[in-house]
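>
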Amino acid sequence: IYDYLRLLWARVGRSRCPACGAAVETDSASTAAQRVVETRGGARALICFPLPRSAHTDHRLILENLRAMGFVRVMLDGQVHRLDALP
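The numbering used here numbers the first residue of the sequence shown as 10 and each following residue consecutively.
Pasting the structure below:
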């Protein structure tokens with residue numbers, strides 16, 4: 010019965026922020042970018058996301074893939090680096 014209840018709450022339930030109580034909603038990349046532009050008032054912003062590390066993938070290949078996808082910066086150990094400046 011646990012599995013059925015879990016599925017029911019996943020469909021019917023609403024997630025809320027534990028800090029402010031606002032409803033948590035799914036965003037697309039375009040709506041997230043639009044919200045950042047609206048709230049930052051023209052100031053520059055850096056949108057970051059974690060990139061899982063793999064023991065089977067060379068970091069050079071990861072950087073090549075990021076460049077191919079159009080990324081220009083990465084954050085490594087809390088510091089921002091341009092991809093064209095990395096090996």
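For each residue, glycine too, the CB sits at the ideal point set by N, CA and C.
Name the DSSP bridge partner or partners of His90?
DSSP output for His90 lists Val83 as bridge partner(s).
> Could you tell me whether the Cβ atoms of Leu92 and Leu75 are closer together than 8 Å?
A contact, by the Cβ cut-off of 8 Å.
> Measure the alpha-carbon distance for Ala54 versus Ala64 and round it to whole angstroms.
When rounded, the distance between both Cα atoms is 31 Å.
> Might you give, ordered along the chain, the residues of its own chain that have their beta carbon closer than 7 Å to the beta carbon of Val83, omitting 5 neighbours on each side?
For Val83, where only same-chain residues beyond five positions count, the Cβ hits under 7 Å are Leu75, His90, Leu92.
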